[in-house]
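Asker:
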Amino acid sequence: MNFLAHAFLSFGHEKILVGNFIADFVKGKQLEKFEKQIQIGIQLHRAIDFFTDSHPLVKAAQAYLRPKFGHYSSVITDVFFDYFLVKNWNQYSGEPVEKFIQNVYNTLDRYALVFPARFAGMYHWMKKDNWLLHYGEIDGIRRALTGMARRAQFESKMEQAHLALVENEDEFELIFFAFFKELESFASEKLTELENQT
Numbered sequence: 000m001n002f003l004a005h006a007f008l009s010f011g012h013e014k015i016l017v018g019n020f021i022a023d024f025v026k027g028k029q030l031e032k033f034e035k036q037i038q039i040g041i042q043l044h045r046a047i048d049f050f051t052d053s054h055p056l057v058k059a060a061q062a063y064l065r066p067k068f069g070h071y072s073s074v075i076t077d078v079f080f081d082y083f084l085v086k087n088w089n090q091y092s093g094e095p096v097e098k099f100i101q102n103v104y105n106t107l108d109r110y111a112l113v114f115p116a117r118f119a120g121m122y123h124w125m126k127k128d129n130w131l132l133h134y135g136e137i138d139g140i141r142r143a144l145t146g147m148a149r150r151a152q153f154e155s156k157m158e159q160a161h162l163a164l165v166e167n168e169d170e171f172e173l174i175f176f177a178f179f180k181e182l183e184s185f186a187s188e189k190l191t192e193l194e195n196q197t
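0 is the number of the first residue of the sequence shown in numbering that gives the first Met the number 0; add one for each residue after it.
1. Go ahead and label residue 21 buried or exposed: buried means 16 or more other beta carbons lie within 10 angstroms of its beta carbon, across all protein chains shown.
2. Taking 8 Å as the limit between beta carbons, can you name the residues of its chain near residue 150, skipping five residues before and five after?
3. Please look up how many angstroms separate the CB atoms of residue 6 and residue 103, rounded, as I've assumed it's under 8 Å.
4. Rank 13, 1 and 9 by C-alpha distance to the C-alpha of residue 105 and give the top, closest one.
5. Pick from 137, 183 and 179: whose alpha carbon is nearest that of residue 163?
6. Since residue 175 and residue 83 should fall inside the 8 Å C-beta cutoff, what is the C-beta to C-beta distance between them, to a whole number of angstroms?
7. Assuming residue 57 and residue 178 form a contact by the criterion Cβ under 8 Å, report the distance between their Cβ atoms to the nearest whole angstrom.
8. Assuming residue 18 and residue 47 form a contact by the criterion Cβ under 8 Å, report the distance between their Cβ atoms to the nearest whole angstrom.
9. So the alpha helix (DSSP H) residue 169 belongs to, where does it begin and stop?
10. Measure how close the beta-carbons of residue 147 and residue 74 come, nearest whole angstrom, since I'm counting them as under 8 Å.
11. If I follow the unbroken alpha helix (DSSP H) through residue 60, where does it start and stop?
12. My assumption, with CB atoms under 8 Å, is that residue 39 sits in contact with residue 194. Please give the rounded CB distance.
13. Taking the alpha carbon of residue 120 as the point to measure from, which residue in 24, 131 and 93 has its own alpha carbon closest?
14. Using the Cα positions of residue 160 and residue 173, report the straight-line distance between them to the nearest angstrom.
15. Tell me whether residue 70 is buried or exposed, calling it buried when 16 or more other Cβ atoms sit within 10 Å of its Cβ.
16. Leaving out five residues before and five after residue 68 in sequence, what residues of the same chain have Cβ atoms less than 7 Å from its Cβ?
17. If the criterion is Cβ atoms closer than 8 Å, does the pair residue 43 and residue 190 meet it?
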C-alpha cells in the first residue's frame, strides 16, 4: 500500500504511524535502533505490504497492468488505492481528509529526529507538495508516478499509468472497495497481535 493507506491503517497511534512511514527505509538490524512502538509500526507496515502483494484481488488489478508496466504494476496499484481512499474518504472516516493529513504531517514533524536520512529527504518534498492529499487527483497520480518513473532503474512507463486509471476507474474502484475492507480488518487484528507480543 501507499503512504496515505499506511497512515490510515495506523489507527491513530502516533508511533505506529511513524514506523509505518519509515519502514521501507529501515533494513535488517537497524530495526533495533527504534523504540518498541515504532518497531511495531515498521512490522505492521511489512505485514500490510505482504497481505496486499499476495491478495487475489490485488493480483487481478495488477494482471491488467502487467502487460504494459511489468513488475512496476505493484507500485502503480499502491498509488491507485490511495487515489480511491481519498476519493471515498467519507466512507472510512468522519474526520475531513484534509484535517487527517495535516495531523499526519504534524505527528511526523515531532519525530523527525528519528527519521532515516533517505526518508527525511523524501518527506521534505512529501509535505511541501502535499503528496497525501494530491493522491486524490488524477494529475496528482500522474505527477507521483512520473516522479517514480524518473527514479526507476529500468524503463517503467509509469508516467503513462494514470491513463489506465482514467480508462478503467470503475473496475479498479470495485477492486479497491472489496480489498480495502479485508485489509482494514487484517491490519487491525495484526496490530493487536503485535502489541500483545511485547
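Quick reminder that beta carbons are idealized off the backbone N, C-alpha and C, glycines included.
Answerer: Once the coordinates are examined:
1. buried
2. none
3. Taking 8 Å as the upper bound for CB-CB distance, residue 6 and residue 103 are in contact here, some 5 Å apart.
4. 13
5. 137
6. 4 Å
7. 6 Å
8. Contact flag wrong, Cβ pair sits at about 11 Å.
9. 168-195
10. In this structure residue 147 is in contact with residue 74, their Cβ atoms being roughly 6 Å apart against a cut-off of 8 Å.
11. 55-68
12. 6 Å
13. 24
14. 18 Å
15. exposed
16. Sequence-distant Cβ neighbours of residue 68 in its own chain, meaning closer than 7 Å and more than five residues away, are 75, 155, 156, 157 and 160.
17. Contact: yes.
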